[in-house]
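Heads up: the sequence lines are chains C and P, in that order. Take the first sequence: its position 139, counted from the start at 1, is 139 in the working numbering, and no numbers get skipped. Take the second sequence: its position 180, counted from the start at 1, is 1180 in the working numbering, and no numbers get skipped. Read the structure below first, then the notes.
Number of protein chains: 2
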Amino acid sequence: MTAQRDELNAVSDTADQRVVPGTERTIPEATVARLAIYLRALTGLAERGIGTVSSDSLATAAGVNSAKLRKDLSHLGSYGVRGVGYDVALLTDQIRSTLGLNENRAVALIGLGHLGQALAGYAGFASRGFRISALIDADPAMVGDRLRGLIIQHVDALEQVVRSENIAIAVIAVPVNAAQDVCDRLVAAGVTSILNFAPTVLNVPSHVDVRKVDLAAELQILSFHDNRKGARQDFAPASVARVGAVGSRLTTTDSMVAAT
Amino acid sequence: MTAQRDELNAVSDTADQRVVPGTERTIPEATVARLAIYLRALTGLAERGIGTVSSDSLATAAGVNSAKLRKDLSHLGSYGVRGVGYDVALLTDQIRSTLGLNENRAVALIGLGHLGQALAGYAGFASRGFRISALIDADPAMVGDRLRGLIIQHVDALEQVVRSENIAIAVIAVPVNAAQDVCDRLVAAGVTSILNFAPTVLNVPSHVDVRKVDLAAELQILSFHDNRKGARQDFAPASVARVGAVGSRLTTTDSMVAAT
DNA sequence: TCGATTTTGTGAATGCCTTCACAAGGGCGT
DNA sequence: ACGCCCTTGTGAAGGCATTCACAAAATCGA
Ligand SMILES: NC(=O)c1ccc[n+]([C@@H]2O[C@H](COP(=O)([O-])OP(=O)(O)OC[C@H]3O[C@@H](n4cnc5c(N)ncnc54)[C@H](O)[C@@H]3O)[C@@H](O)[C@H]2O)c1
Ligand SMILES: NC(=O)c1ccc[n+]([C@@H]2O[C@H](COP(=O)([O-])OP(=O)(O)OC[C@H]3O[C@@H](n4cnc5c(N)ncnc54)[C@H](O)[C@@H]3O)[C@@H](O)[C@H]2O)c1
Chain C
1 MTAQRDELNA VSDTADQRVV PGTERTIPEA TVARLAIYLR ALTGLAERGI
51 GTVSSDSLAT AAGVNSAKLR KDLSHLGSYG VRGVGYDVAL LTDQIRSTLG
101 LNENRAVALI GLGHLGQALA GYAGFASRGF RISALIDADP AMVGDRLRGL
151 IIQHVDALEQ VVRSENIAIA VIAVPVNAAQ DVCDRLVAAG VTSILNFAPT
201 VLNVPSHVDV RKVDLAAELQ ILSFHDNRKG ARQDFAPASV ARVGAVGSRL
251 TTTDSMVAAT
Chain P
1001 MTAQRDELNA VSDTADQRVV PGTERTIPEA TVARLAIYLR ALTGLAERGI
1051 GTVSSDSLAT AAGVNSAKLR KDLSHLGSYG VRGVGYDVAL LTDQIRSTLG
1101 LNENRAVALI GLGHLGQALA GYAGFASRGF RISALIDADP AMVGDRLRGL
1151 IIQHVDALEQ VVRSENIAIA VIAVPVNAAQ DVCDRLVAAG VTSILNFAPT
1201 VLNVPSHVDV RKVDLAAELQ ILSFHDNRKG ARQDFAPASV ARVGAVGSRL
1251 TTTDSMVAAT
């Protein structure tokens, strides 16, 4: 769901990487999505000076159940100590390394309208392993402006900018009718991962990963459940706390997913 | 990947709603998340004057496979015609009704910083069944300002505003350290569905639904796959199109998910 | 009227994810 | 040193979700 969910995995991973000693193993998609959540929970614990956590407390902090957490972590290897728990710093490193966050990753942001400007200023990217390295827009009135220390480049220079900075990840925040075009150019320039805010299905070759964020869809899913709740109670007073109707949910990237 | 996924369903739905004739049936969570996508695809078709679609074309437009689409739609009832396809207008209505979008739903938006202002101006909400009915912030410098036809209210009046407008859905766009507090107040005021942008796990009673949008997590999931791709190719020239490495993905609210 | 053709709706099969439940492992107190 | 107690790591079971594959339905042309 949440989120959107995942699909079509064209990989025929069977059994050939058993030989590798280190971090090479197939990790379930659902697990990957949760690693990011664990990472944030761990950061919070570290800030509070906590050096060790049990699967139970970490699971609570991350909002999942502890069996799931342990199973998830077991895919990375065996980094817990029985009877004790997990070392916060060590586990943090392991997850960061699994997610490929050891050095900051360069990100291009295309489209600096309302949403794009909010994203450009979002501190949560930098603090979680990403560096916005290119700002691109089509509006001549905007090009050349400095925003957060970067100069906005014209979309005509997209390929050149992406190539010269060796950018693999891009965020699309342009109007829906420009999205596929921008996407094609990004892919041609070598981008292999795209986060898409435009409400449209992007067509990409199979080596490119697309995740989308669809806010209206999120609200519609909430609407569905809300609708059900209301129906089931046939109009009890609105302010009465209703108990045990439907378990609450959180998205995961699960915001869920679809494939091409 | 997506997106995140969903969890803990506390409902003990067994077999008591079979009796109801109409739209009452248990619909899988994964299906609900996709209905929103189908709805957008249908809107696009209608705009292009198309009156009928086969499951194949609609599936393509929505980026899923046709068997899945048909199975999904079969949960709503039997609205297709064999040998012909689905009537675009009829199917649109059915999905809208299933999602509870027959009349616009009122939404409160809390936090009008960078992100909140972008959201307040987002046309995609209004066009897809939602009406932002309340803008709320804590900053006195902002309160009283008019934004998109609405006056920004002080957070002290939150309960009053939510109750008087009978708002069931809220969007949280406040800093992370204010999020739980705002959430508690919303719940106390009768809100039962929350879309959360603050990067934190919200604690809510079981009758409240929370979905979260976590942009850093989305990027981290992309980073994971990107990392894998790179490793597997041991540094082929960056601009060469690589074929068949990993199937591309789109989120679903699936944005993955966790439960409380 | 009837058969050819198209496309839906759905049982059955498969696979992925979650949850259970417990044996194995490790620290710590005595 | 030893045994107690706590917590991990993981087989096994159960539940959802996706995909397959085909019979049933409906149109259309002859
Ligand atoms: N505003 C929101 O809160 C919000 C929420 C969810 C999704 N979205 C989606 O995000 C996208 C952007 O939304 P917005 O509100 O920021 O729109 P906006 O109109 O404010 O900004 C769009 C920006 O993209 C630029 N642009 C247009 N064509 C371009 C091109 N070919 N190449 C590069 N830049 C180009 C424009 O110059 C403009 O600066 C839209 O697709 C919208 O549906 C927005
Ligand atoms: N900016 C982004 O692109 C972005 C992206 C993803 C997530 N987020 C998250 O969204 C939230 C908002 O981000 P932002 O960039 O808009 O921050 P911001 O600081 O620009 O805006 C926060 C707003 O919330 C208001 N506020 C603070 N406490 C409040 C309270 N108790 N009640 C009501 N209003 C209150 C502030 O007055 C301010 O207007 C943050 O949690 C951030 O992590 C932001």
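Note that the Cβ used here is the ideal one computed from N, Cα and C, for glycine as well.
Taking the beta carbon of I1221/P as reference, the chain C residues within 7 Å of it are V32, A33, A36, R211 and T253, listed in sequence order.
Straight through space, the alpha carbons of D1156/P and Y1079/P are spaced by roughly 48 Å. Proximity of L1101/P to chain C, defined by a Cβ-Cβ separation below 9 Å, is satisfied. Taking a beta-carbon distance threshold of 9 Å, Y122/C counts as an interface residue toward chain P. Residue A1108/P holds the alpha-carbon nearest to the alpha-carbon of S1133/P among I1151/P, A1108/P and G1149/P.
With a threshold of 9 Å between beta carbons, G111/C makes no contact with chain P. A distance of 9 Å or more separates the beta carbons of A168/C and S206/C.
When the beta-carbon positions are compared, V1213/P and F1197/P come within less than 9 Å of each other. If you check the C-beta of F1197/P against ligand 2, you find a heavy atom less than 8 Å away. In the three-state reduction of the DSSP assignment, S1127/P falls in the coil class, being assigned neither a helical nor a strand state. Only buried fits S55/C, as 16 or more other CB atoms lie within 10 angstroms of its CB. Look at the stretch 1106-1169 of chain P and you find these whole runs of alpha helix (DSSP H), each 4 residues long or longer: 1114-1120, 1123-1126 and 1158-1165. Taking the CA atoms as reference points, A1179/P sits about 21 Å from N1166/P. Against chain C, the CB of E1218/P has a partner CB under 9 Å away; the residue lies at that interface. Distance between S1074/P and A1089/P, taken at the CA atoms: about 17 Å. In this structure, G1190/P is the residue among V1143/P, P1140/P, G1190/P and L1195/P with its C-alpha nearest to the C-alpha of S1164/P.
Approximately 40 Å separates the beta-carbon atoms of G111/C and I50/C; this is outside 8 Å, ruling out the contact. Cβ proximity to chain C below 7 Å picks out G1190, T1192, S1193 and L1195 from the stretch 1172-1195 of chain P. Sequence-distant partners of A1188/P (beyond 5 residues in either direction) whose C-beta falls short of 7 Å from its own C-beta, in its chain, are E1159. Beta bridge pairing from DSSP links L1195/P with V1171/P and R1211/P. Secondary structure at G1230/P: helix, using DSSP grouped into helix, strand and coil.
Rounded to whole angstroms, the gap between the alpha carbons of A67/C and A1120/P is 40 Å. If you compare the alpha carbons of R1128/P, L1147/P and Q1153/P with that of P1140/P, the shortest gap goes to Q1153/P.
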